[in-house]
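**Student:** Chains as they are written, first to last, in the UniProt record's numbering: chain A, 1 to 205; chain B, 1 to 205; chain C, 1 to 205; chain D, 1 to 205.
In this text, a Cβ means the ideal position worked out from N, Cα and C, and glycines have one as well.
Dropping a structure here in structure tokens format, bear with me for questions.
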DNA sequence: TATGAATGAGGATTCATTCAT
DNA sequence: TATGAATGAATCCTCATTCAT
């Protein structure tokens with residue numbers, strides 16, 4: 001908290017503000033045009049900064065998008081981190097339902113942005129990679145849950161936790177994309193009920 | 001086997017040949033460059049035809065690709081049409097395993113091409129649509145199977161066949177893409193065993 | 001009327017029919033798409049003939065259009081040929097009004113086609129030339145009329161008949177294009193009245 | 001003459017210079033190739049700038065052309081604005097002659113460019129529009145003149161000023177195009193004499 | 001006379017990114 | 001830190017026309 005740090009902070013604050021402006025303008029722009037059609041030009045115009053300025057803060061469009069995506073992804077990470085300690089098959093079912101519900105609800109809450117994310121995944125390897133990381137995070141967490149259940153003799157032992165977790169997450173993820181893109185007529189409840197019923201009964205004994 | 005239909009116009013035969021040349025050159029080009037980087041220019045050079053010629057037969061790159069894709073997709077359609085009439089839970093498990101095995105094996109056999117298909121799906125709405133059609137075909141077929149099993153009191157009745165079929169196919173599809181892109185270290189057998197175990201035990205009583 | 005001529009006629013009739021089909025399809029196509037956007041491809045498809053067939057009868061799109069235009073142009077030629085033999089200034093005014101009226105009415109009657117003609121003039125030197133011929137025809141005829149009036153001491157002598165005819169026709173032509181393209185709010189009557197009033201009073205004494 | 005406005009950004013000066021280079025090269029190119037055959041590629045090569053640079057300053061070829069045309073059009077506008085306040089029929093005739101003379105002389109002075117303008121009018125709706133605006137400007141001004149003369153009892157009252165102005169300008173414009181394209185053998189003087197004689201005697205009493 | 005397969009020249013335009021200031 | 005002028009690669013697709021049959 002010396003003076004030098006304060007002065008620095010003053011400068012940094014300006015920089016931070018510029019960065020925020022760009023981020024904000026970026027989100028609006030992506031939401032308006034989609035990932036592909038949004039241009040850096042659009043963004044800097046909306047942020048009222050110079051061309052080069054965007055490149056001071058972000059390597060390119062992909063990186064700018066990924067940083068915008070980050071907050072959202074963090075919310076997903078939090079969902080992934082939910083505790084899972086069922087004492088019985090019934091409790092497991094309950095907790096699993098809860099998790100699926102949270103996961104899908106979050107995606108639906110951020111439908112518009114997730115829709116752009118979906119588009120961006122198909123277009124940018126970097127962003128695809130970022131999503132794969134989220135996916136792996138979820139899968140690891142689910143694997144842990146499965147192993148916990150196996151150790152407690154709740155889940156069948158003749159399956160590989162990792163693989164089962166993968167398959168399970170894949171189903172969830174795909175339904176998520178469909179919900180996000182409004183390409184399904186099923187209700188959230190129906191999806192959750194059916195998904196978890198098969199999974200929980202298949203895995204738990 | 002009468003003249004008119006067989007002889008059909010030496011001219012048309014020439015045309016057919018040209019079309020085949022283009023298709024062949026197209027496949028090679030896509031395999032070599034990937035979907036995005038392959039250009040019509042590459043293709044006609046390889047086919048040794050004039051520029052406009054490609055446009056006589058195909059509206060654009062997407063359409064050309066889709067026609068090349070078609071043969072492959074037909075193989076998938078055949079897999080989707082496999083009969084499914086289990087008399088018991090054990091038989092069901094067996095038949096399901098068989099189907100998954102066929103589905104994934106086909107994809108692996110055509111790994112290279114499927115990898116390009118994956119790329120193209122993210123890039124061309126038309127091709128995405130074509131793949132979605134395949135998907136729905138599979139899902140419909142699986143729904144039928146589930147309903148059959150439900151009617152024969154093999155499968156649990158408190159689930160929606162369509163929805164379960166969707167979730168089940170999604171898992172399979174996602175693993176398929178991973179296998180195709182070599183992005184998994186699991187063996188085909190492991191994948192099949194774990195996927196079907198959960199699914200069959202979850203669905204069948 | 002010998003047999004050979006009849007047989008020949010039979011063949012020629014077929015040819016004539018094909019030609020007519022093309023001409024008819026051409027007119028429809030030009031009317032539908034305009035000159036520029038109409039393609040030979042559109043036309044032969046509508047005429048249900050082969051590609052090359054159009055080129056058997058017409059050198060190119062311009063020529064095909066000009067032949068379609070011909071009937072219309074002939075109607076203009078007829079208007080241009082109208083007799084003009086006034087005995088007095090009043091009669092001259094009357095006859096001039098009549099001519100303008102016929103000229104503009106014809107153009108309005110064929111508004112749609114004339115609109116395409118206008119477009120084509122700007123796009124094809126050949127068609128521009130064809131229209132220029134019509135124009136010269138009118139101007140020559142008007143020159144004759146003026147000279148007739150000059151000889152009869154009806155019209156002032158200190159002007160060049162050719163040049164006056166030109167100027168007079170130009171006014172008429174320009175109003176004609178405006179009427180054809182609906183780019184004027186004046187009524188036909190107003191136009192005629194004002195045009196002829198100035199002209200007749202300027203020329204006739 | 002203060003600093004801020006004058007100094008304006010060495011950078012902007014450079015930009016302005018580039019823009020001028022492009023404009024200059026554009027004019028040369030259009031003059032050399034005509035409107036249709038001139039390409040942006042030709043222009044940037046002559047201006048020694050990068051491809052995209054042209055698009056920084058001008059939306060497309062049409063816009064570039066219109067800006068080049070602008071100077072010329074401004075000269076026309078000035079001619080259109082000439083005062084007209086005759087006290088007698090003779091003075092009116094004199095002043096009208098003067099105006100026609102200025103109008104046609106200007107066009108002849110810029111013969112080459114006007115020839116390209118004529119071509120461009122038939123090819124680009126935007127440019128056609130730009131010319132139509134000039135035309136309306138002239139017509140409005142002439143209308144005013146006619147009304148002035150009518151109020152002073154110099155011109156006949158039984159005609160519509162707007163309409164007469166239109167017809168009169170049309171004649172002038174058409175002769176102008178002919179002079180510009182060398183498609184007439186009449187001398188400027190002959191044209192002026194004949195045009196104005198009819199018009200002035202027709203309109204003025 | 002009729003066909004239709006094959007041709008290929010040709011130019012506009014975008015936009016992410018750089019770099020000198 | 002901020003700017004913004006300049007860049008230029010890279011590909012699409014049309015369509016009138018020909019010519020061998």
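By alpha-carbon positions, which one of 173/A, 105/A, 149/A and 72/A ends up nearest to residue 87/A?
**Tutor:** Within the first chain, residue 87/A is the residue found at index 87, counting from 1. Closest option to residue 87/A, Cα to Cα, is 149/A.
**Student:** Straight-line CA distance for residue 119/C to residue 165/C?
**Tutor:** On the third chain, residue 119/C is found 119 positions in, with the first residue counted as 1. On the third chain, residue 165/C is found 165 positions in, with the first residue counted as 1. Their backbone Cα atoms lie some 25 angstroms apart in a straight line.
**Student:** Of all the beta strand (DSSP E) runs that stay within the bounds of the segment 124 to 157 of chain B, which reach a length of 3 or more residues?
**Tutor:** The qualifying runs do not exist here; there are none.
**Student:** When Cβ atoms are compared, which residues of the segment 157 to 172 of chain A fall closer than 9 angstroms to chain B?
**Tutor:** Under the 9 angstroms Cβ criterion, the segment 157 to 172 of chain A contributes 158, 159, 160, 162, 163, 164, 166, 167, 168, 169, 170, 171 and 172.
**Student:** To the nearest whole angstrom, what separates the beta carbons of residue 191/B and residue 108/B, a pair I think is in contact under 8 angstroms?
**Tutor:** Residue 191/B sits at position 191 when you count from the first residue of the second chain. Residue 108/B sits at position 108 when you count from the first residue of the second chain. Between residue 108/B and residue 191/B the Cβ distance is about 11 angstroms, and since that is not below 8 angstroms, they are no contact.
**Student:** Is there at least one Cβ from chain B nearer than 8 angstroms to residue 69/A's Cβ?
**Tutor:** Translated into the one-based positions of the first chain, residue 69/A becomes position 69. Not one chain B Cβ lies under 8 angstroms of residue 69/A.
**Student:** Quick one: Cα of residue 146/C to Cα of residue 24/D, how far?
**Tutor:** Here residue 146/C refers to the residue found at position 146 when the third chain is read from its first residue. Here residue 24/D refers to the residue found at position 24 when the fourth chain is read from its first residue. Rounded to whole angstroms, residue 146/C to residue 24/D spans 48 angstroms at the Cα level.
**Student:** Any C-beta of chain D within less than 7 angstroms: which residues of the segment 176 to 200 of chain C qualify?
**Tutor:** Answer set for the segment 176 to 200 of chain C: 186, 190, 191, 194, 195, 197, 198 and 199.
**Student:** I need the DSSP call for residue 204/C, collapsed to helix, strand or coil.
**Tutor:** Residue mapping note: residue 204/C aligns to position 204 of the third chain, counting from 1. In the structure shown, residue 204/C sits in a strand (DSSP, three-state: E or B).
**Student:** If we ignore side chains and look at the alpha-carbon of each, how far apart do residue 16/D and residue 103/C end up?
**Tutor:** Position 16 of the fourth chain holds residue 16/D. Position 103 of the third chain holds residue 103/C. Rounded to the nearest angstrom, the two C-alpha atoms are 52 angstroms apart.
**Student:** Are the CB atoms of residue 35/D and residue 106/D within a distance shorter than 8 angstroms?
**Tutor:** Working through the fourth chain from its first residue, we reach residue 106/D at position 106. Working through the fourth chain from its first residue, we reach residue 35/D at position 35. Result no, Cβ atoms of residue 106/D and residue 35/D do not sit closer than 8 angstroms.
**Student:** Around the C-beta of residue 183/B, are 16 or more other C-beta atoms found within 10 angstroms, so that it is buried, or is it exposed?
**Tutor:** To locate residue 183/B, count along the second chain from 1; it is residue 183. Classification for residue 183/B: exposed.
**Student:** Which residue wins for smallest C-alpha separation from residue 159/D, given the options 54/C, 189/C and 85/C?
**Tutor:** As a first step, residue 159/D is located in the fourth chain; it is residue number 159 there, counting from the start. Cα-wise, what sits closest to residue 159/D is 189/C.
**Student:** Under 8 angstroms by Cβ, that's how I've got residue 22/C and residue 39/C pegged, so tell me the actual separation to the nearest angstrom.
**Tutor:** Within the third chain, numbered from 1, the residue matching residue 22/C stands at position 22. Within the third chain, numbered from 1, the residue matching residue 39/C stands at position 39. With a Cβ gap of about 14 angstroms, residue 22/C and residue 39/C do not count as contacting.
**Student:** Would you say the segment 50 to 62 of chain B touches the segment 76 to 96 of chain B, given that touching needs at least three Cβ pairs under 8 angstroms?
**Tutor:** In short, these stretches do not touch, since the Cβ pair count stays below three.
**Student:** May I have a chain-ordered list of the alpha helix (DSSP H) segments no shorter than 4 residues that lie completely inside the segment 22 to 65 of chain C?
**Tutor:** Listed in chain order, they are 40 to 47 and 51 to 57.
**Student:** Please report the straight-line C-alpha distance between residue 52/D and residue 44/D, rounded to a whole angstrom.
**Tutor:** Looking up residue 52/D in the fourth chain gives position 52. Looking up residue 44/D in the fourth chain gives position 44. Their backbone Cα atoms lie some 9 angstroms apart in a straight line.
**Student:** At what residues does the alpha helix (DSSP H) containing residue 170/A begin and finish?
**Tutor:** Here residue 170/A corresponds to residue number 170 of the first chain, with the count starting at 1. Looking at the DSSP string, the run of the alpha helix (DSSP H) that includes residue 170/A is 161 to 180.
**Student:** Could you check whether the Cβ of residue 82/D sits closer than 8 angstroms to any Cβ belonging to chain C?
**Tutor:** Along the fourth chain, one-based indexing puts residue 82/D at 82. False, the Cβ-Cβ gap to chain C never drops below 8 angstroms.
**Student:** Straight-line CA distance for residue 92/A to residue 132/A?
**Tutor:** The sequence position of residue 92/A within the first chain is 92, counting from 1. The sequence position of residue 132/A within the first chain is 132, counting from 1. If you take the alpha carbons of residue 92/A and residue 132/A, they lie about 26 angstroms apart.
**Student:** Starting from the Cα of residue 114/D, find the closest Cα among 13/D, 174/D and 202/D and give me that residue.
**Tutor:** Taking the fourth chain and counting its residues from 1, one reaches residue 114/D at position 114. Answer by Cα proximity: 174/D.
**Student:** Measure from the C-beta of residue 202/B to each C-beta in chain A and report whether the shortest distance is under 8 angstroms.
**Tutor:** On the second chain, position 202 is the one that residue 202/B refers to. Yes, residue 202/B lies at the interface with chain A (some Cβ there is under 8 angstroms from its Cβ).
**Student:** State the DSSP-derived secondary structure class of residue 92/C, mapped to helix, strand or coil.
**Tutor:** On the third chain, residue 92/C is found 92 positions in, with the first residue counted as 1. Here residue 92/C sits in helix by DSSP.
**Student:** With burial defined as no fewer than 16 other Cβ atoms inside 10 Å of the residue's Cβ, what is the status of residue 64/C: buried or exposed?
**Tutor:** In the third chain, residue 64/C corresponds to position 64, counting from 1. Under this definition residue 64/C is a buried residue.
**Student:** Among the candidates 200/D, 97/D, 117/D and 140/D, whose CA atom is the shortest distance from the CA of residue 77/D?
**Tutor:** In the fourth chain, residue 77/D corresponds to position 77, counting from 1. Checked all of 200/D, 97/D, 117/D and 140/D; the closest Cα to residue 77/D is 140/D.
**Student:** Roughly how many whole angstroms lie between the Cα atoms of residue 128/B and residue 72/D?
**Tutor:** As a position in the second chain, residue 128/B is number 128, starting the count at 1. As a position in the fourth chain, residue 72/D is number 72, starting the count at 1. Cα-Cα distance, rounded: 54 angstroms.
**Student:** Taking only beta carbons into account, state which residues of the segment 101 to 125 of chain D come closer than 8 angstroms to chain C, listed in chain order.
**Tutor:** Listed by position, the residues of the segment 101 to 125 of chain D near chain C (Cβ gap below 8 angstroms) are 121, 122 and 123.
**Student:** Give, in chain order, every residue of the UniProt domain "HTH tetR-type" (16 to 76) of chain D whose Cβ lies closer than 9 angstroms to some Cβ of chain C.
**Tutor:** Listed by position along the chain: nothing, the set is empty.
**Student:** Evaluate residue 10/B with the Cβ neighbour count: other Cβ atoms within 10 Å of its Cβ, from every protein chain shown; 16 or more gives buried, anything less gives exposed.
**Tutor:** As a first step, residue 10/B is located in the second chain; it is residue number 10 there, counting from the start. With fewer than 16 Cβ atoms within 10 Å of its Cβ, residue 10/B is classed as exposed.
**Student:** Assuming the contact rule is C-beta atoms closer than 8 angstroms, residue 68/A and residue 27/A should be a hit. Round their C-beta distance to whole Å, please.
**Tutor:** Locating residue 68/A in the first chain gives position 68, counting from the first residue. Locating residue 27/A in the first chain gives position 27, counting from the first residue. Correct: roughly 5 angstroms between the Cβ atoms.
**Student:** Spatial neighbours of residue 156/C within its chain, please: CB distance less than 6 angstroms, with the 5 preceding and 5 following residues excluded, ordered by chain position.
**Tutor:** For the purposes of this step, residue 156/C is identified with residue 156 of the third chain, where counting begins at 1. Result list for residue 156/C: 205, in chain order.
**Student:** Using only the alpha-carbon positions, how far apart do residue 94/C and residue 168/D sit?
**Tutor:** As a position in the third chain, residue 94/C is number 94, starting the count at 1. As a position in the fourth chain, residue 168/D is number 168, starting the count at 1. The straight-line gap from Cα to Cα measures roughly 21 angstroms.
**Student:** For a cutoff of 8 angstroms on Cβ pairs, would you count residue 4/B as touching chain A?
**Tutor:** The count along the second chain starts at 1 and reaches residue 4/B at position 4. Because residue 4/B sits at a pLDDT of 42, beneath the cut-off of 50, its placement in the model cannot be relied upon, and the following sentence gives the value as read from the coordinates. With 8 angstroms as the cut-off, residue 4/B does not count as an interface residue toward chain A.
**Student:** Out of 202/C, 126/C, 116/C and 197/C, state which residue places its alpha-carbon closest to the alpha-carbon of residue 31/C.
**Tutor:** In the third chain, residue 31/C corresponds to position 31, counting from 1. Ranking the options by Cα distance to residue 31/C, first place goes to 116/C.
**Student:** How would you call residue 74/B, buried or exposed, if buried means at least 16 neighbouring beta carbons within 10 angstroms?
**Tutor:** To locate residue 74/B, count along the second chain from 1; it is residue 74. By the neighbour-count rule (16 or more Cβ atoms within 10 Å), residue 74/B is not buried but exposed.
**Student:** Within 10 angstroms of the Cβ of residue 201/B, are there 16 or more other Cβ atoms? Answer buried if so, exposed if not.
**Tutor:** Taking the first residue of the second chain as 1, we reach residue 201/B at position 201. It counts as buried.
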